[in-house]
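Asks: Please find one structure pasted underneath; my questions will follow.
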Amino acid sequence: MDTTSIRVNLSRHARNEFFVALKENQIEFVLGKGVLGSIQNSLETIDIINASIAAIACVLVAWLRGRTSRSVMIQTKNHEVIHVKGESVDEVVKLLREAVSLNIILTTKND
């Protein structure tokens with residue numbers, strides 16, 4: 086099984102909904118610690134530990150389809166930032182293999 090551990094930065098509105106999506110899909114995570122000396126624009130940081138890349142991709146794609154105000158950005162090992170919009174699960178799996186972190190954003194509480 087293809088697995089990864091990854092840092093996830095969550096906007097304050099995305100926190101609870103994304104936690105539920107991870108738990109429903111049995112993806113384990115721990116509350117993360119911010120990087121000392123850096124400015125964090127997210128309210129919450131978590132670390133997904135040793136989870137299936139395919140399972141994470143399924144959660145991301147389904148989570149994005151749930152509301153139009155949701156956004157996912159993947160930062161890669163090459164310092165690229167990729168906005169995930171209409172990609173398939175297979176495409177997101179490929180992106181996650183190169184990812185160092187995710188930004189999960191919900192711009193509003195309600196659509």
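In the working numbering, the protein residues as written are 86 to 196. Positions of the beta carbon are idealized from the N, C-alpha and C atoms, including for glycine.
1) Can you pull the DSSP bridge partners for residue 132?
2) Judging by CA-CA distance, which residue of 99, 109, 108, 167 is the nearest neighbour of residue 184?
3) What number of angstroms, rounded off, separates the C-alpha of residue 105 from the C-alpha of residue 163?
4) For residue 117, which residues in the same chain have their Cβ closer than 7 Å to its Cβ, ignoring the five residues on either side in sequence?
5) Could you round the C-beta distance between residue 177 and residue 142 to whole angstroms and report it? I think they count as a contact, below 8 Å.
6) Does DSSP classify residue 101 as helix, strand or coil?
7) Quick one: is residue 136 buried, meaning 16 or more other Cβ sit within 10 Å of its Cβ, or exposed?
8) Note down the Cα distance separating residue 173 from residue 146, rounded to an integer number of angstroms.
9) In chain order, what residues of the same chain lie with their CB nearer than 7 Å to the CB of residue 148, ignoring the 5 residues before and after it?
10) Determine the extent of the beta strand (DSSP E) in which residue 155 is found, giving its start and end residues.
Replies: Looking at the atomic coordinates:
1) 92, 115
2) Measuring from the Cα of residue 184, the nearest candidate turns out to be 167.
3) 30 Å
4) 92, 130, 131, 132
5) 4 Å
6) helix
7) buried
8) The alpha-carbon atoms of residue 173 and residue 146 are separated by roughly 7 Å.
9) Excluding positions up to five away in sequence, the list reads 103, 106, 155.
10) 155-161
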